[in-house]
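Let me begin by presenting the structure, written as structure tokens, before commenting on it.
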Amino acid sequence: MINKAIGISELASEHGALIDNMLELVHWFMAVLAIGWGIFFLYCVWRFRRSKNPKASYYGVRSHASHHIEIGVIIVEAILLLGFAYPLWAHRTAQYPTGPDVVKVRAVGQQFFWTMHYPGPDGKFGLTDPALISESNALGINYDDPYSKDDFLSGELVIAKGRDCIIEVTSKDVIHNLHLPPMRIQQDAIPGTVAHMWFKPTKVGTWETICGQLCGAGHAQMKGIVTVKESSEFDQWFLENSPKPAEIPAGLTGDDAAAPSKEAASL
Ligand SMILES: [Cu+2]
0 MINKAIGISE LASEHGALID NMLELVHWFM AVLAIGWGIF FLYCVWRFRR
50 SKNPKASYYG VRSHASHHIE IGVIIVEAIL LLGFAYPLWA HRTAQYPTGP
100 DVVKVRAVGQ QFFWTMHYPG PDGKFGLTDP ALISESNALG INYDDPYSKD
150 DFLSGELVIA KGRDCIIEVT SKDVIHNLHL PPMRIQQDAI PGTVAHMWFK
200 PTKVGTWETI CGQLCGAGHA QMKGIVTVKE SSEFDQWFLE NSPKPAEIPA
250 GLTGDDAAAP SKEAASL
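Quick look at the structure:
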């Protein structure tokens, strides 16, 4: 109810309901705190008004109650963090979906747009190397790697309804953040590292993505599009966009393609 009142966006992922429940709870809790502290503030303004207290007290509070309350708060917060938050996070990050239906995407941020890298029908990303980045090879894909031959790029994030999606998030320049509000998920894109996010879309539709880190003068324009298609329509889109054998760069057939070079690190 309070989520709706403050304009939360439409929900379109499986785990998102849990996030919304937590947000609802936290918002109510914060509302109670805000009203409680507001009342306490007004009480203090009245209780310590000048006309009733012409002389300041230089001793202040002399009981230790507030110390004990502070220590209690620290203990409760430590239990919440170490006992609940960390184990829950460890559980979620230890359990990546697997199987042929999983949609895998690499999302590469740069000032001020995203490029989506799809692994093609083989389901494996080709190696990338920042040294190979050029005007014709925006992500520095190593086309000597056999796995890269069917890879393709998209300016839009396209995923499938009802199928787990794993996104490898990284950046070419500064720190960005791929934020998908209807999926209730976001992940920092940090140059030199690859971070994973996974979720299952539950609704067909098109929404905007947001860059969730202030990344430069064009940050506000760093909008993207996420489209969730029905599974069969996604498969069709995926095949239409995958390079046909004839479009694969000359000289790179299965036999004479070079083995992945050791220097070609993942971006
Ligand atoms: Cu950005």
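In numbering that gives the first Met the number 0, the protein residues as written are 0 to 266.
Ideal Cβ placement from N, Cα and C applies to all residues, glycine included.
In this text the structure is predicted, and so the values were computed from the model without any measurement.
Fill in: First and last residue of the uninterrupted beta strand (DSSP E) at D19
Counting along the chain, D19 sits inside no beta strand (DSSP E); it lies in the alpha helix (DSSP H) bounded by residues G15 to R46.
Worksheet entry | Three-state secondary structure (DSSP) of P283 | Nothing can be reported for residue 283: it is not among the residues displayed for the chain, which extend from 0 to 266.
Practice prompt. Would you check if the region 99 to 110 and the region 66 to 85 touch, i.e. whether three or more CB-CB distances between them fall below 8 angstroms?
Written response: Counting Cβ pairs under 8 angstroms, fewer than three are found: no touch.
Item to complete: Could you name the residues of the same chain whose beta carbon sits closer than 8 angstroms to that of D19, not counting the 5 residues immediately before and after it, in chain order?
Response: Correct list, in chain order: N2, I7, L10 and R183.
Worksheet item: So what's F198 in DSSP terms, helix, strand or just coil?
Response: Strand, per DSSP.
Fill in: Distance, D163 Cα to T275 Cα
Any property of residue 275 remains undetermined from this structure, which presents the chain solely from 0 to 266.
Item to complete: Would you mind stating whether S147 and N141 have Cβ atoms separated by less than 8 angstroms?
Response: Going by C-beta atoms, S147 is nearer than 8 angstroms to N141.
Item to complete: With distances taken Cα to Cα, identify the nearest neighbour of T192 among T127, K199 and P180.
Response: For the options T127, K199 and P180, the alpha carbon positioned closest to that of T192 is the one of T127.
Discussion item. Assuming D128 is part of the alpha helix (DSSP H), what are its boundary residues?
Written reply: According to the DSSP assignment, D128 belongs to no alpha helix (DSSP H), since it is labelled neither H nor E.
Worksheet item: Can you give the beta carbon distance from W88 to L177, rounded, assuming they're within the 8 angstroms contact cut?
Response: The Cβ separation is near 18 angstroms, so there is no contact.
Worksheet entry | Beta-ladder partner(s) of F151, from DSSP | Partner(s): Y117.
Fill in: N-terminal and C-terminal residue of the beta strand (DSSP E) that S50 is part of
Boundaries cannot be given for S50, as no beta strand (DSSP E) includes it and DSSP labels it neither H nor E.
Worksheet item: For H67, which three-state DSSP category applies?
Response: Of the three classes helix, strand and coil, the one that applies to H67 here is helix, per DSSP.
Worksheet item: Would H283 be called buried (16 or more neighbouring beta carbons within 10 Å of its own) or exposed?
Response: One cannot answer for residue 283 here, as it falls past the ends of the chain, which runs 0 to 266.
Fill in: heavy atom of ligand 1 below 7 angstroms from G154 C-beta
Remark: the C-beta of G154 is outside contact range of ligand 1, defined as less than 7 angstroms to any heavy atom.
Discussion item. Between which two residues does the alpha helix (DSSP H) holding N240 run?
Written reply: Counting along the chain, the alpha helix (DSSP H) containing N240 begins and ends at S230 to N240.
Discussion item. Any contact between the region 38 to 46 and the region 229 to 236? By contact I mean 3 or more CB pairs, one from each, below 8 angstroms.
Written reply: The answer is no - the region 229 to 236 does not touch the region 38 to 46, with fewer than three Cβ pairs under 8 angstroms.
Worksheet item: Is the beta carbon of Q212 within less than 7 angstroms of some heavy atom of ligand 1?
Response: In this structure, Q212 has its beta carbon less than 7 angstroms from a heavy atom of ligand 1.
Item to complete: Compute the distance between the beta-carbons of M269 and E167, then report whether it is under 8 angstroms.
Response: Residue 269 lies beyond the range of the chain shown here (0 to 266); nothing can be said about it.
Discussion item. Considering only heavy atoms of ligand 1, does any lie closer than 7 angstroms to the CB of F111?
Written reply: F111 has its Cβ nearer than 7 angstroms to a heavy atom of ligand 1.
Worksheet item: Counting along the chain, where does the alpha helix (DSSP H) carrying H90 start and finish?
Response: Counting along the chain, H90 sits inside the alpha helix (DSSP H) bounded by residues Y85 to T92.
Discussion item. Any heavy atom of ligand 1 closer than 7 angstroms to the beta-carbon of H116?
Written reply: Distances from the CB of H116 to the heavy atoms of ligand 1 are all 7 angstroms or more.
Practice prompt. Please go through the same chain and pick out, in chain order, the residues whose beta-carbon is closer than 7 angstroms to the beta-carbon of F124, but skip the five residues on each side of it.
Written response: Within the same chain, R105, H116, P118, Y146 and D150 come within 7 angstroms of F124 by CB-CB distance, once the 5 residues on both sides are set aside.
Worksheet item: Would the C-beta of M221 count as close to ligand 1, meaning under 7 angstroms from any of its heavy atoms?
Response: It does: the Cβ of M221 is within 7 angstroms (strictly closer) of some heavy atom of ligand 1.
Worksheet entry | Nearest-angstrom beta carbon gap, T208 and A188 [assumed within contact, 8 angstroms] | Contact check for A188 and T208: beta-carbon distance about 12 angstroms, past the 8 angstroms limit, so the pair fails to qualify.
Worksheet item: Should D100 go down as buried or exposed, given a rule of 16 or more other Cβ atoms within 10 Å for buried?
Response: Exposed.
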